[in-house]
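Chemist:
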Amino acid sequence: MEENTIKVTIIDRAGETHNVDAPTDMNMNVMELVRVYELAPEGTIGICGGMAMCASCQCYIESPELELPEMSLEEEDMLDQAFHVKDNSRLGCQIYLKDELDGLIIELAPESEISE
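Have a look at this one:
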């Protein structure tokens, strides 16, 4: 494995598994990684630009052994308004790719509209 790169497994909305290399030296988050690899149709993920304001990047963390950063109040509030929320839901825009997350497994939540 290259230096400054971790392995991330992403299960897309069609249930297909993608094992991807993720840079840890670019301050990139999970939502941006999904966009770079085009694993969700354009315009269906990261609608708010990664500001924790839309939940379009909601994902399910399938690797509970990894210690993720604490959830912010903004992230908690957005998930309170989102559909398809589970105990392991997080916003991909709030999870930055770091060496400690090598082996991260996420599943993209189903696409849904946010009620305004």
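Numbering of the sequence shown is given in the UniProt record's numbering, commencing with residue 1 and proceeding in unit increments.
Even for Gly, the Cβ is constructed at its ideal location relative to N, Cα and C.
Are the region 7–26 and the region 48–58 in contact at 8 angstroms, needing three or more beta carbon pairs?
Modeler: The answer is no - the region 48–58 does not touch the region 7–26, with fewer than three Cβ pairs under 8 angstroms.
Chemist: Are there 16 or more other CB atoms within 10 angstroms of the CB of Val-36, so buried, or fewer, so exposed?
Modeler: As a working note, residue 36 is residue 36 in the sequence shown. That one is exposed.
Chemist: By a C-beta neighbour count over all protein chains shown, 10 Å radius and 16 as the cutoff for buried, is Asn-27 buried or exposed?
Modeler: Here residue 27 corresponds to residue number 27 of the sequence shown, with the count starting at 1. Exposed, by the Cβ-count rule.
Chemist: Just confirm the distance between the C-beta atoms of Asn-88 and Tyr-60, as a whole number of angstroms; I'd bet it's less than 8 angstroms.
Modeler: Translated into the one-based positions of the sequence shown, residue 88 becomes position 88. Translated into the one-based positions of the sequence shown, residue 60 becomes position 60. About 5 angstroms; that satisfies the 8 angstroms criterion.
Chemist: Between Ile-10 and Asp-99, how many whole angstroms is the CB-CB distance? I'm expecting something under 8 angstroms.
Modeler: Along the sequence shown, read from residue 1 onward, the residue named residue 10 stands at position 10. Along the sequence shown, read from residue 1 onward, the residue named residue 99 stands at position 99. Going by Cβ atoms, the distance from Ile-10 to Asp-99 rounds to 18 angstroms, so no, they are not a contact pair.
Chemist: Compare the Cα-Cα distances from Leu-97 to each of Asp-12, Leu-33, Glu-2, Arg-13 and report the closest residue.
Modeler: Residue numbering aside, residue 97 sits at position 97 when the sequence shown is read from its first letter. Among Asp-12, Leu-33, Glu-2, Arg-13, the Cα nearest to that of Leu-97 is on Leu-33.
Chemist: Compute the Euclidean distance between the alpha carbons of Ile-114 and Glu-107, then round it to the nearest angstrom.
Modeler: Position 114 of the sequence shown, counting from 1, holds the residue named residue 114. Position 107 of the sequence shown, counting from 1, holds the residue named residue 107. With a pLDDT of 45 at Ile-114, under the threshold of 50, the predicted position of this residue should be treated as unreliable, though the coordinate-derived value follows. Going by the C-alpha atoms only, they are around 19 angstroms apart.
Chemist: Please work out which residues of its chain come closer than 8 angstroms, Cβ to Cβ, to Glu-2, disregarding the five sequence neighbours upstream and downstream, and give them in chain order.
Modeler: Here residue 2 refers to the residue found at position 2 when the sequence shown is read from its first residue. Within the same chain, Glu-2 has close Cβ partners Asp-21.
Chemist: Whose CA, out of Ala-109, Leu-68, Glu-38, Gln-81, lies closest to the CA of Ile-95?
Modeler: Here residue 95 is taken as the residue at index 95 of the sequence shown, counted from 1. The shortest Cα separation from Ile-95 among Ala-109, Leu-68, Glu-38, Gln-81 belongs to Leu-68.
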